[in-house]
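Residue numbers (the working numbering), protein chains in the order written: chain C, 22 to 159; chain P, 22 to 159. In this text, a Cβ means the ideal position worked out from N, Cα and C, and glycines have one as well. Contents: one structure, followed by commentary.
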DNA sequence: CATGAATCTCCACTGTTGTGGAGACTTTAG
DNA sequence: CTAAAGTCTCCACAACAGTGGAGATTCATG
């Protein structure tokens, strides 16, 4: 049989190099419980499984979709319980769309208001008593 | 002549009551230099001029338009130098519109991506090896 | 005068996602 | 064996706009 060099786990620096994330961030994720280590070396170094790489990819993906680490953790908890987290993720992504729609709506209204103000802006208005900016009337 | 009870300045609680802002917030603004007090009473209490009310209105208004306290402070500095701050405010509001447009654009793209994902979502996909969520392929 | 309300300063904490550094320890390479 | 590199824990800080509380003073009212 071929020599087996598996299952010792990789140290955090290796995982950092392979994932492209800073060591600090990996420790941070581990502290949050997002990224469980399989254990510690004799000297107390964190050891990670290969699976951690997939996990980090998953986290990265959901982060780019705008989910918070807490929400991502929720999805991972389902996965860790042995289930497919697709249902949960679907729900989170729907919620995210709702949040985005709300934000876009609010931003649009604000934009409207700003445009309206600028449309009637007087570049050199008469100084009106007790008002800081006559254009805003406050 | 009628008795003159002016120009002693109001204490922070009065300003809070009249402006609708918490005392804490007024102190915070004063610390930032946004809201200068005209001085202190013998006992060390902050004293504010009537003008503070207009100032707070101005701050409130620009805040609702999305400017940061720092940007507002910039506008107030122009006012305090004796100039009309309309030009500065105009510039800030234009920048704010740009920021909003960028945000809306980014949110729209994200929304697109999310919609696309959900459009092809399989509610109960086959478990694919080594992938946390087959729908996301990660 | 005494009591309670108002105010003062100073410090800590909120939420989010990390980053930076100090000082100690372990591991690896030569 | 030694020096350098890697890793550990713990603490602090970043942005932003405040909020909460402790303990000390001052002010207003009866």
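If you draw a straight line from the Cα of residue 46 of chain C to the Cα of residue 43 of chain P, it is about 38 Å long. Only buried fits residue 106 of chain C, as 16 or more other CB atoms lie within 10 angstroms of its CB.
For residue 66 of chain P, the number of other beta carbons within 10 angstroms of its own is below 16, and it is reported as exposed. Linking residue 159 of chain C to residue 152 of chain C through their CA atoms gives a straight-line distance of about 5 Å. For residue 150 of chain P, the secondary structure class from DSSP, reduced to helix, strand or coil, is coil. Of the candidates P:39, P:73, P:41, P:73 places its Cα closest to the Cα of residue 55 of chain P. Annotated as proximal: residue 30 of chain P and residue 60 of chain P, with beta-carbon spacing under 9 Å.
Looking at the DSSP output, residue 64 of chain C shares a beta bridge with no other residue.
With contacts defined by Cβ atoms closer than 9 Å, residue 90 of chain C and residue 36 of chain C do not form a contacting pair. Counting only residues of its own chain and dropping the five nearest sequence neighbours on each side, residue 132 of chain C has no CB closer than 7 Å to any other CB.
Taking 9 Å as the cut-off, the Cβ atoms of residue 88 of chain C and residue 111 of chain P do not count as close.
Against residue 69 of chain P, chain C offers no close residue; the least beta-carbon distance is about 15 Å (beta-carbon pairs closer than 8 Å). Within chain P, the residues placing a beta-carbon under 9 Å from that of residue 129 of chain C are 121, 125, ordered along the chain.
Your pair residue 118 of chain P and residue 136 of chain C checks out as a contact, with CB atoms roughly 7 Å apart and the cut at 8 Å. Less than 9 Å divides the Cβ of residue 134 of chain C from the Cβ of residue 86 of chain P. Sorting C:28, C:62, C:64, C:79 by C-alpha distance to the C-alpha of residue 50 of chain C places C:79 at the top.
At a cut-off of 9 Å between C-beta atoms, residue 155 of chain C counts as an interface residue with respect to chain P.
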